[in-house]
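Only one structure is covered here, and it is reproduced in the block below.
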Amino acid sequence: MLRIYNSLSRKKEPFEPIDPANVRMYVCGMTVYDYCHIGHARVLVVFDMVSRYLRHLYGRRHVTYVRNITDIDDKIIKRAREQGRPIESLTGSFIQAMHEDAAALGVEPPDEEPRATLAMEQIIAMIRALEEKGYAYQAANGDLYYDVSRFPSYGRLSGKRLDELRAGERVAVEEAKEDPLDFVLWKAAKPGEPSWDSPWGRGRPGWHIECSAMSTHCLGCHFDIHGGGLDLQFPHHENEIAQSEAATGCRFVNYWMHNGFVRVDDEKMSKSLGNFFTIREVLESYHPEVVRYFILASHYRSPLNYSDRHLDSAKAALTTLYTALRDLELPGVAAVDSDPVAKRFYAALDDDFNTPEAMAVLFELAREINRLQNSGRSEAAAQRGLLLRQLGGVLGLLQYSPQRFLRQGGGSAAVDGLSVEQIEQLIAARNEARAAKQWAEADRIRDELKAKGVILEDRSGETTWRLG
RNA sequence: GGCUGGGUGGCAGAGUGGUUAUGCAGCGGCCUGCAAAGCCGUGUACCUCGGUUCGACUCCGGGCCCAGCCUCCA
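Heads up, the first sequence is in our numbering, so the first residue is 13 and it goes up one at a time.
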């Protein structure tokens, strides 16, 4: 039985889908005005893992995963202006870049990927519903605001109380608001800004309303899981609840999931601190599965410290798993989920997606495979190898051929100035020297290759190579 | 200031009221011409002070420290 930590109740709860034939999850995606960094990679990978596991439990086609794209907001407008290019050109290229990054990391595309600019009809309809029910007011500056005082349970998700929020107020109060906690639903257009027609004049949506509109449009007014980064819990998700429940009259979301931050030197990775690494720049030095392994090697709610050292360690660990898989001829027959090892693996994921514990099971399986290989039981080893690969697949890991992974070394793709043919020639030369017991020459060739990052292994009468 | 969450072995990172996490690194052994890989073995680990208990790293309370949110943010 899957249990999920629900941010709303601050405890793990048994997961009971509203409709097991259609488990519905919405995740707040990117605002596309720049390349995705490792913090974004964490959201992508974590919820990809969640959706994979839900599909494992409920069936591939019985899960609907929606992840939106915010393609209109202040930062986008600003960036487009700075670069002197049309907004659609800016967002279009960063959407493409995001898709490339996600694909590289083995993130499956969501079932739906709505965009704010393509959802104006639903956005306006929801704001109108709020207005009709008396939750909205238009201020003197033309902006339309949500009246927080009308929503009694405001603050429940983030554990905040209205009076405390007001007491801790450190923002310059927007003149137009009746209450500093009120937030904008529709922004009146300023000259030169992109805008859409609406009952409140030309303008554009505030950023909270788009998620309410798109999620309920795609998944219905009441769905199972809503996810996103911890920094969205307040105010974004709090506001989503207030908007959605007020507009539709039904309960919005049953389980709220928030992933922890990626940190650099114990500080949150963020644009403003300038301490971020983009996915694509990290992928220049590390194999994508290494990045994925690194992310899933700690629990999704814990902080995740980023450093080359940690990625190197992840690379070494993943190499160990792939090493167990090489030389195995995996059978075509599916391994069984009722296997005791598989059960322990799934039990770990059942416990609020405890990927570190699930990965520990993978390493025990790898050791079992190596033992079987050492004792010559290749068929048994291959059976276990299939299970290892299948379980890894639930995490989106171990999906490359072992040789391909090991020869890319989890690092740079090209061998430093050496072709595969040259490597093989040197290996042949070394083996001739070995046959003649010319150890010095044999070791010289091995050292020469090692200096170029090629590691040789003499195993059962054969010499194989990999990148270190 | 208010509210969250957290402090585990050299590093990373799970977990549990009394019994091996796991990985990386290290050390010893087997294997190897030597290596590499693999296998076997190996670590007075649980911030601090009190309390509960036959027994606490694990529960309760105080303290210290760290991070996050309260402002755009994954």
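Idealized CB from N, CA, C, for every residue including glycine.
Test item: CB-CB of residue i and residue j under 8 Å
i: Glu376; j: Leu330; result: no
i: Asp364; j: Tyr17; result: yes
i: Pro394; j: Leu342; result: Note that residue 394 is Ala in the sequence shown, not Pro. Against a cut-off of 8 Å, the Cβ pair of Leu342 and Ala394 comes out as a contact.
i: Tyr158; j: Glu190; result: no
i: Leu66; j: Met110; result: no
i: Ile81; j: Val44; result: yes
i: Lys199; j: Asp155; result: yes
i: Ala152; j: Ala188; result: yes
i: Leu177; j: Gln255; result: no
i: Leu418; j: Tyr334; result: yes
i: Ala378; j: Glu369; result: no
i: Phe106; j: Asp60; result: no
i: Gln420; j: Leu479; result: yes
i: Ala258; j: Lys172; result: no
Per-residue burial, residue i [other beta carbons within 10 Å of its own, 16 or more giving buried]
i: Met226; result: buried
i: Val58; result: buried
i: Leu285; result: exposed
i: Ala53; result: buried
i: Asp459; result: exposed
i: Gly408; result: buried
i: Arg321; result: exposed
i: Gln95; result: exposed
i: Ser63; result: buried
i: Gln437; result: exposed
i: Asn386; result: exposed
Neighbourhood of residue i by C-beta, 7 Å cutoff - its chain only, sequence neighbours within 5 removed
i: Met13; result: Pro26 and Asp362
DSSP state of residue i mapped onto helix, strand, coil
i: Ser337; result: Residue identity differs from the one stated: residue 337 is Leu in this sequence, not Ser. In this structure, Leu337 counts as helix in the three-state DSSP scheme.
i: Leu231; result: helix
i: Ile136; result: helix
i: Pro352; result: helix
i: Met281; result: coil
i: His322; result: helix
i: Glu28; result: coil
i: Ala148; result: strand
i: Phe375; result: helix
i: Ile84; result: coil
i: Phe417; result: helix
i: Ser424; result: Low confidence applies to Ser424: its pLDDT is 47, below 50, so where it sits in the model is not reliable enough to give any reading.
i: Asn382; result: helix
i: Phe195; result: strand
Presumed contact (8 Å Cβ cut-off) between residue i and residue j, rounded CB distance
i: Glu250; j: Ser314; result: The pair is not a contact, with the Cβ atoms about 23 Å apart (cut-off 8 Å).
i: Gly397; j: Leu337; result: 5 Å
i: Ala392; j: Leu384; result: 5 Å
i: Leu117; j: Val303; result: 6 Å
i: Val119; j: Leu56; result: 5 Å
Cut-off 6 Å between Cβ atoms - residues of its own chain near residue i, not counting five sequence neighbours on either side
i: Asn317; result: Arg275
i: Glu124; result: Val78 and Cys230
i: Phe288; result: His49 and Met281
i: His234; result: Cys262 and Arg263
i: Gly41; result: Arg79, Asn80 and Ile81
i: Glu453; result: Ala445
i: Ala2; result: Residue 2 lies beyond the stretch modelled for the chain, which goes from 13 to 480, so this question has no answer here.
i: Arg72; result: none
i: Ile291; result: Cys48, Ala53 and Asp113
Close Cβ partners of residue i (< 8 Å) along its chain, the five nearest in sequence each way excluded
i: Leu174; result: Val160, Ser161, Tyr166, Gly167 and Leu193
i: Ile3; result: In the structure as shown, the chain begins at 13 and stops at 480. Residue 3 is therefore absent and cannot be evaluated.
i: Gly213; result: Gly154, Ala200 and Ala201
i: Pro206; result: Ile84, Ile89, Ile99 and Arg216
i: Cys223; result: Tyr38, Cys40, Asn80, His248 and Glu252
i: Glu279; result: Leu285 and Asn287
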